[in-house]
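The numbering of the sequence shown is the numbering used here, which starts it at 80 and goes up by one.
Ideal Cβ placement from N, Cα and C applies to all residues, glycine included.
Predicted model, so just to flag it, every value in this text is computed and none were measured.
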Amino acid sequence: MKIGVFDSGVGGLSVLKKIKEKVDFADIIYYGDSLNAPYGSKSIEDIQELCLKIGEFLIDNRVDVIVIACNTATAAALNVLKERFTSIPVIGVVSPGASMAIKQSKNKKIGVICTPLTAKTRIYEKVITELNSKYQVYQKGCELLCPMIERGWESSEKNKEILKQYIDALPSDIDTLVLGCTHYPLIRADIEEISDKKIVDPAEETAMNVLFELNRISLKTGRKKSRKEKINIDYFVTGDIEIFKEVGEKFLGEKVVNVYQPISES
Ligand code: DGL
């Protein structure tokens with residue numbers, strides 16, 4: 080079996096990491112669209128177009144499930160991808176993150192740090208309040224973070240001050256903070272140093288959803304889930320491969336090999 084995972088760059092590696100912890104029988108194709116990052120400052124239409132192209136690429140590479148390992152792309156394009164690619168499950172990160180946040184929050188006040196586009200769509204507020212209207216959700220768009228992490232975040236006082244300003248923009252009485260951009264788990268240590276709230280990383284529950292869908296496919300089709308000694312991961316990166324490797328290796332704590340530039344038709 081094969082899992083297709085994509086993001087605007089390195090952020091989706093936080094989801095890939097959790098998938099690797101839970102699924103030991105499927106290979107992975109990871110697509111990082113770093114040439115077009117950050118998605119968070121683009122229009123919904125542009126993101127949909129980019130995501131559809133990536134979806135085609137993953138389908139051509141015969142994946143069994145597509146994971147949109149990006150909150151911004153989930154907010155902008157989950158429904159479009161589900162409509163276009165009806166033969167396989169398409170999983171986003173927002174619903175898993177929303178249900179985790181609901182489970183975590185005691186006072187029903189949830190803060191979300193995310194990209195400007197995710198904040199603009201108020202997707203977390205919509206999904207959480209649809210599940211339970213008693214919750215209050217506050218979203219803060221953090222324009223500078225994704226590009227800084229994409230280039231390789233430095234844990235300096237100056238950068239931590241930028242991060243703190245974003246976190247401080249949320250009401251102080253929230254008890255739960257959702258990392259509403261998959262890039263942010265890469266700087267989780269600094270976030271935890273600044274915030275004393277319960278941190279929710281949607282990647283955890285997203286990976287559970289992936290496992291669930293693959294089990295379902297296996298049951299339905301009779302395809303075997305044979306445990307692999309080592310799963311194979313192929314990385315396709317549209318931007319700078321060396322930066323991707325460097326940032327990726329630091330976060331994953333392992334060598335990032337099999338990195339390719341996807342062949343573009345345009
Ligand atoms: N990792 C993406 C997310 O979860 C970042 C999007 C961007 O490129 O701005 O939203």
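Q) When the Cα of GLY90 is compared with those of ALA116, PHE104, ILE82, which residue comes out closest? A) Closest in alpha carbon position to GLY90, among ALA116, PHE104, ILE82, is ALA116.
Q: Compare the Cα-Cα distances from LEU95 to each of VAL338, ALA286, SER234, VAL159 and report the closest residue.
A: That would be ALA286, whose Cα lies nearest to the Cα of LEU95.
**Q.** First through last residue of the beta strand (DSSP E) which encompasses TYR109
**A.** 106-111
**Q.** Residue of ASN150, PRO226, GLU222, ASP254 minimising C-alpha distance to VAL206
**A.** ASN150
Q) Are the stretch 290-310 and the stretch 221-236 in contact at 8 Å, needing three or more beta carbon pairs? A) no
**Q.** Cα-Cα separation between ARG306 and ALA105, rounded to whole angstroms
**A.** 8 Å
(Q) Could you check whether TYR214 and LEU249 sit closer than 8 Å to each other, using their CB atoms as the reference points? (A) no
Q. Leaving out the 5 sequence neighbours to the left and right, which residues in its chain are closer than 6 Å to GLU161 when beta-carbon positions are compared?
A. Looking at the sequence provided, one finds Lys at residue 161 rather than Glu. The residues are VAL169.
Q: Let me know the secondary structure DSSP gives GLN244 once reduced to three states.
A: helix
Q) If you draw a straight line from the alpha carbon of VAL159 to that of ILE167, how long is it in whole angstroms? A) 14 Å
**Q.** Enclosing beta strand (DSSP E) for GLY220 [first to last residue]
**A.** Per DSSP, GLY220 belongs to the beta strand (DSSP E) from 215-220.
Q.
Taking 6 Å as the limit between beta carbons, can you name the residues of its chain near HIS262, skipping five residues before and five after?
A. GLY90, CYS225, ILE228
Q | Cα-Cα separation between SER178 and THR317, rounded to whole angstroms | A | 32 Å
Q. Enumerated in chain order, which unbroken segments of the alpha helix (DSSP H) with a length of 4 residues or greater are wholly contained in the stretch 83-170?
A. Runs of the alpha helix (DSSP H) lying entirely within the stretch 83-170, each at least 4 residues long, are 92-101, 123-139, 150-163 in chain order.
(Q) Given 7 Å as the limit, tell me if CYS225 has its C-beta closer than that to any heavy atom belonging to the ligand DGL. (A) yes
Q. So, ILE145 versus ILE310, is the Cβ gap smaller than 8 Å?
A. no
Q) Any chance the stretch 238-249 sits against the stretch 127-139, with 3 or more Cβ pairs inside 8 Å? A) Contact check between the stretch 238-249 and the stretch 127-139: fewer than three CB pairs, one atom from each, fall below 8 Å, which does not count as touching.
Q) Leaving out the 5 sequence neighbours to the left and right, which residues in its chain are closer than 6 Å to GLY171 when beta-carbon positions are compared? A) ILE147, THR153, LEU157
Q: Report yes if the C-beta of THR300 is less than 7 Å from at least one heavy atom of the ligand DGL; otherwise report no.
A: no
(Q) Considering only their Cβ atoms, is the gap separating ILE253 from LYS276 smaller than 8 Å? (A) yes
Q) Distance, Cα to Cα, ILE98 vs ASN186? A) 30 Å
Q: Could you tell me how far apart the beta carbons of LEU210 and ILE181 are, in whole angstroms, since I believe they sit closer than 8 Å?
A: 6 Å
(Q) I want to check one thing, is the minimum distance from the CB of SER174 to the heavy atoms of the ligand DGL below 7 Å? (A) no
Q) Of all the options GLU321, LYS329, PHE330, which has the alpha carbon lying nearest to the alpha carbon of ASN337? A) Nearest option by C-alpha distance: GLU321.
Q. Closer than 7 Å: is that where the CB of ASN150 sits relative to any heavy atom of the ligand DGL?
A. yes
**Q.** Sequence-distant residues of its chain with Cβ nearer than 7 Å to LYS243 (five each side left out)
**A.** Taken in chain order, the residues that qualify are ILE273.
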